[in-house]
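Numbering-wise (UniProt numbering), the sequence shown opens with residue 1 and increments by one.
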Amino acid sequence: MTALLARLDAQLDRIPHDLIAALARLGIGTTFLRSGLLKLDGWADGTTLALFRDEYRLPLLPPDLAAPLAMGMELSMPVLLFLGLLTRPAALILLGMTAVIEIFVYPNAFDTHAVWAVALLYLAKFGPGTLSLDALFTRGRSAAAPGSHPRPAAPAPRPVR
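Structural data, given as structure tokens:
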């Protein structure tokens, strides 16, 4: 049994961070983009504002400020994630939104919000991977500025054995 688990561990260790990060960026980005598009769709007829006023009832911001702010973040931050541009700040912003949603809007949806948080925390900690504009710009900056040392990517987490 130990040998089987060791072989499984060895195979799983071969999964590249770049693949995991790209899937996390696309998956969580799609979740928030769809929500933003629904808010945009309901903007003209007042549905979005009514949701914030009558159902969400955030204690932090008035509905006429919270609705466009949430919609703007849900439309823009996923685009940054898809491009791998400013990935860590975008992930942290969406993580903050996730916390607000969990605490004030849908506190009974922890299982869903925990999955979102894991993807966003992974991106915030380990970055977007090499398939990203962040990686491209970091390479360009380090080549253009001798003596500058961009922060190396965090190593992939080691599994518990």
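All residues carry an ideal CB built from backbone N, CA and C; glycine is no exception. If you're wondering where the values come from, they're calculated on a predicted model, not measured in any experiment.
Contact set for residue i: own chain, Cβ-Cβ below 7 Å, skip 5 residues either direction
i, result
"L95", "A117, L120, L121 and A124"
"R14", "none"
Span of the alpha helix (DSSP H), counted from its first residue to its last, around residue i
i, result
"E74", "P63 to L83"
"T30", "H17 to D41"
"G96", "T87 to V100"
"T48", "T47 to A50"
"R115", "Per the sequence shown, residue 115 should be read as Val rather than Arg. Note, V115: alpha helix (DSSP H), F110 to F126."
"D13", "T2 to D13"
Presumed contact (8 Å Cβ cut-off) between residue i and residue j, rounded CB distance
i, j, result
"P68", "R53", "In fact, because the Cβ distance is near 13 Å, the residues do not count as touching under 8 Å."
"G84", "L131", "7 Å"
"A88", "G127", "Checking the sequence, you will find Arg at residue 88 rather than Ala. Confirmed, Cβ separation roughly 6 Å."
"I93", "M77", "6 Å"
"L75", "L133", "Actually they do not touch by this definition, with Cβ atoms about 18 Å apart."
Contact with chain D by residue i, beta-carbon distance below 8 Å
i, result
"A44", "Among the protein chains of the structure shown there is no chain D, as only one such chain exists."
Cut-off 6 Å between Cβ atoms - residues of its own chain near residue i, not counting five sequence neighbours on either side
i, result
"T48", "K39, G42 and A67"
"A91", "L120, L123 and A124"
"L80", "L86 and A90"
"F82", "G29"
May I ask you to verify whether the stretch 42-60 touches the stretch 95-114, counting CB pairs closer than 8 Å and requiring at least 3? yes
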